[in-house]
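Engineer: Following this message is one structure expressed as C-alpha cells.
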Amino acid sequence: MATPADGFPQFPKLPAELRDLIWGYAFPEARIYEVLDSPCSSPSQSGPSTKLMFADVRNEPPPTLARVCRDSRQAVLRYYKPLAFSGIVKHINLSRDILLLDSYLQVRRLLKVIRLLSQVDSVRRNASRIALGTSWGLHTGLHLRLFHKAVRTTQNMARLLGHLSKFTNLEAIILVVYQRSAFKLTFNQPNHTVIPWDHHDLWEAYHYQFNINFNLENYWLRRPYQTKLIRYDPEVHKIERLLTSTRISKSCCRHPQPRGYQVRDLKKMFEKSLRSAAENSCFFPARSYEPPKLETATLTWVYTGFGYGDYP
Numbered sequence: 056m057a058t059p060a061d062g063f064p065q066f067p068k069l070p071a072e073l074r075d076l077i078w079g080y081a082f083p084e085a086r087i088y089e090v091l092d093s094p095c096s097s098p099s100q101s102g103p104s105t106k107l108m109f110a111d112v113r114n115e116p117p118p119t120l121a122r123v124c125r126d127s128r129q130a131v132l133r134y135y136k137p138l139a140f141s142g143i144v145k146h147i148n149l150s151r152d153i154l155l156l157d158s159y160l161q162v163r164r165l166l167k168v169i170r171l172l173s174q175v176d177s178v179r180r181n182a183s184r185i186a187l188g189t190s191w192g193l194h195t196g197l198h199l200r201l202f203h204k205a206v207r208t209t210q211n212m213a214r215l216l217g218h219l220s221k222f223t224n225l226e227a228i229i230l231v232v233y234q235r236s237a238f239k240l241t242f243n244q245p246n247h248t249v250i251p252w253d254h255h256d257l258w259e260a261y262h263y264q265f266n267i268n269f270n271l272e273n274y275w276l277r278r279p280y281q282t283k284l285i286r287y288d289p290e291v292h293k294i295e296r297l298l299t300s301t302r303i304s305k306s307c308c309r310h311p312q313p314r315g316y317q318v319r320d321l322k323k324m325f326e327k328s329l330r331s332a333a334e335n336s337c338f339f340p341a342r343s344y345e346p347p348k349l350e351t352a353t354l355t356w357v358y359t360g361f362g363y364g365d366y367p
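Remember, this note's numbering sits 55 above the position in the sequence shown when you count from 1.
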C-alpha cells in the first residue's frame, strides 16, 4: 500500500483547473452517439429535445471515473453534462464525444435532425464534431444521400450549411466512410482466454470471437458497449483505380470496403459543395462564414458477450 510519502498528498492543493487537466488523461476516448428524429414526436410537443432520440435507448450515467473519489466525480461532472432526448438521459462531453447521423436517414430527415440539434442550447454551444454516415456498395460505390441525383443538391447543401452555422464551436464534420462490427466474446473455458477485438486485421468487415454461452435472446446484452473511431486519411490509404473489368477480384469480395480514391472523390465533392454554398447562399450575405473542416474516419462497433459459471 502506498504511503503519503510515496503518493502525491499535494494534489488536493492544486488549482481545480490543473486537477481537471490531470483527471482528463483518464477520461474515456471520444464516444459515438447515434441520434435520429423521434417517430413518436408530435407537433404539439414543446422543445426540440422531445423530437430527437438516441438510437441506444438506455440511460447512461457519467463515466466510471466519477466513482473513484469525490474530486474525480467533480472533475467528470464539470465536463460530462446530462443530455436528454425523448426522456433518455446520457452524460456526454460534447467537446469530446461525437453525435452521429447515420446514412439511413433520408435527406429531409437528415436536415430535420441537424436543425433540431442546432435548436438544443447545450448542443449548439458545445458540440465540436458531428459525424455523417455514408453508404457504400460493391457496385454502387461510396456516396452521400445529399448528392443523390434525385434530390436538389445545391439547395440541400445551403440548408445544411445554414443549420451548421448555428453551432458556435463546431470544428469538423466527419464522414464515416466505413463501419464494421467486432465481437469481443470468449470461449467458455477455464483459462478465460480472450482475444482483443483490435488484434484482428483492420481491413476485415466482421470479427467474430464466439462464446457458446452468449445470450442471443437478450437484445440489451447485444448492444454495442464501445465505439472506436479511427481517422481515415485517403492519401495514406491511396489505392489506384482498378482497371474496368466484368470480373470482381477475390480480394474485393474478401475485404468489402471503399477504395481510397472513392473516399478522396467524395471528400473533394463535399468540400466543394460546402464552399460553394457558403459563397452563394442567402444565409451568408457577407460571405464571412468559414465552413467546418471535413474529416474522414472508420467506425467500429465493439460488442461483448457474457459467460456463465466460475472455474477453479
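Beta carbons: idealized from backbone N, C-alpha and C, even for Gly. Predicted, not measured: the structure shown is a model, and the values here were computed from it.
By how many angstroms is the C-alpha of Leu225 removed from the C-alpha of Ile368?
Structural biologist: Absent from the structure is residue 368, since the part of the chain shown begins at 56 and ends at 367.
Engineer: Using the Cβ count rule (16 or more neighbours within 10 Å means buried), how would you classify Ala213?
Structural biologist: It counts as buried.
Engineer: Please state whether the Cβ-Cβ distance between Ser150 and Ser183 is less than 7 angstroms.
Structural biologist: Contact: yes.
Engineer: By Cβ distance below 8 angstroms, which residues in the same chain neighbour His203 in space, the five residues on each side in sequence not counted?
Structural biologist: Counting only Cβ-Cβ distances below 8 angstroms, and skipping sequence neighbours, we find Val162.
Engineer: Identify which residue in Ala332, Tyr134, Ile169 has its Cα closest to the Cα of Glu72.
Structural biologist: Nearest C-alpha to Glu72: Tyr134.
Engineer: Are His218 and Ser173 touching if we call contact CB-CB under 7 angstroms?
Structural biologist: Cβ atoms of His218 and Ser173: closer than 7 angstroms.
Engineer: Tell me whether Val112 is buried or exposed, calling it buried when 16 or more other Cβ atoms sit within 10 Å of its Cβ.
Structural biologist: Val112 should be labelled exposed.
Engineer: Can you list, in chain order, the residues of its chain whose CB lies under 6 angstroms from that of Gly188, leaving out five sequence neighbours each side?
Structural biologist: If we look at Gly188 and ignore the five residues flanking it on each side, its Cβ neighbours are Asp157, Ser158, Val231.
Engineer: Tell me where the beta strand (DSSP E) around Leu187 begins and ends.
Structural biologist: Looking at the DSSP string, the run of the beta strand (DSSP E) that includes Leu187 is 184-188.
Engineer: CA-CA distance, Val168 and Lys322?
Structural biologist: Spanning the two alpha carbons is a distance of roughly 22 angstroms.
Engineer: If you draw a straight line from the alpha carbon of Lys106 to that of Ser177, how long is it in whole angstroms?
Structural biologist: Those two C-alpha atoms are separated by around 16 angstroms.
Engineer: How many Å lie between Glu350 and Leu132 at the Cα?
Structural biologist: Distance between the alpha carbons of Glu350 and Leu132 is about 29 angstroms.
Engineer: Per DSSP, what are the beta-bridge partners of Ile285 in this structure?
Structural biologist: Beta-bridge pairing links Ile285 to Thr353.
Engineer: Find out if the Cβ-Cβ distance for the pair Thr208, Arg86 is shorter than 7 angstroms.
Structural biologist: No, the Cβ-Cβ distance between Thr208 and Arg86 is not below 7 angstroms.
Engineer: Report all residues from its chain with a CB closer than 7 angstroms to the CB of Pro117; omit the five preceding and five following residues, and keep chain order.
Structural biologist: Answer for Pro117: Val131, Leu132, Tyr135, His146, listed in chain order.
Engineer: Mind checking which residues open and close the beta strand (DSSP E) that includes Tyr88?
Structural biologist: It spans 87-92 - the beta strand (DSSP E) in which Tyr88 sits, taken as one unbroken run.
Engineer: Within 10 angstroms of its Cβ, does Lys348 collect 16 or more other Cβ (buried), or is it exposed?
Structural biologist: Exposed, by the Cβ-count rule.
Engineer: If you reduce the DSSP assignment to three classes, tell me which class Lys31 lands in.
Structural biologist: It is not possible to answer for residue 31, since the shown part of the chain is limited to 56 through 367.
Engineer: Looking at Leu154: is its Cβ nearer than 7 angstroms to the Cβ of Val90?
Structural biologist: It is a contact, given that the beta carbons lie within the stated cut-off.
Engineer: Given a threshold of 16 other Cβ atoms within 10 Å of its Cβ, counted over all protein chains shown, does Thr119 qualify as buried or as exposed?
Structural biologist: Thr119 comes out exposed.
Engineer: Could you tell me which residues DSSP puts in a beta bridge with Gly79?
Structural biologist: Looking at the DSSP assignment, Gly79 forms no beta bridge with any residue, so it has no partner.
Engineer: Determine the contact status of Gly315 and Pro289, defining contact as a CB-CB distance below 7 angstroms.
Structural biologist: Going by C-beta atoms, Gly315 is nearer than 7 angstroms to Pro289.
Engineer: Express the C-alpha separation of Leu69 and Pro137 in angstroms, rounding to a whole number.
Structural biologist: Distance between the alpha carbons of Pro137 and Leu69 is about 27 angstroms.
Engineer: Go to Leu132, then tell me how far its alpha helix (DSSP H) extends in each direction, as first and last residue.
Structural biologist: Its alpha helix (DSSP H) spans residues 125-134.
Engineer: Mapping DSSP to helix, strand and coil, what is Lys145?
Structural biologist: Strand, per DSSP.
Engineer: Tell me which residues share the same chain as Ser93 and place their Cβ nearer than 8 angstroms to its Cβ, disregarding the 5 neighbours each side in the sequence.
Structural biologist: So the list reads Thr105, Lys106, Leu107, Met108, Phe140, Ser141, once near-sequence residues are dropped.
Engineer: Taking the alpha-carbon of Gln13 as reference, which of Arg179, Leu197, Gln65 has the nearest alpha-carbon?
Structural biologist: Because residue 13 is not part of the residues shown, which for the chain are 56 to 367, the question remains open.
Engineer: Quick one: complete alpha helix (DSSP H) runs, 4+ long, within the region 199-230?
Structural biologist: Within the region 199-230, the complete alpha helix (DSSP H) runs of at least 4 residues are 208-219.
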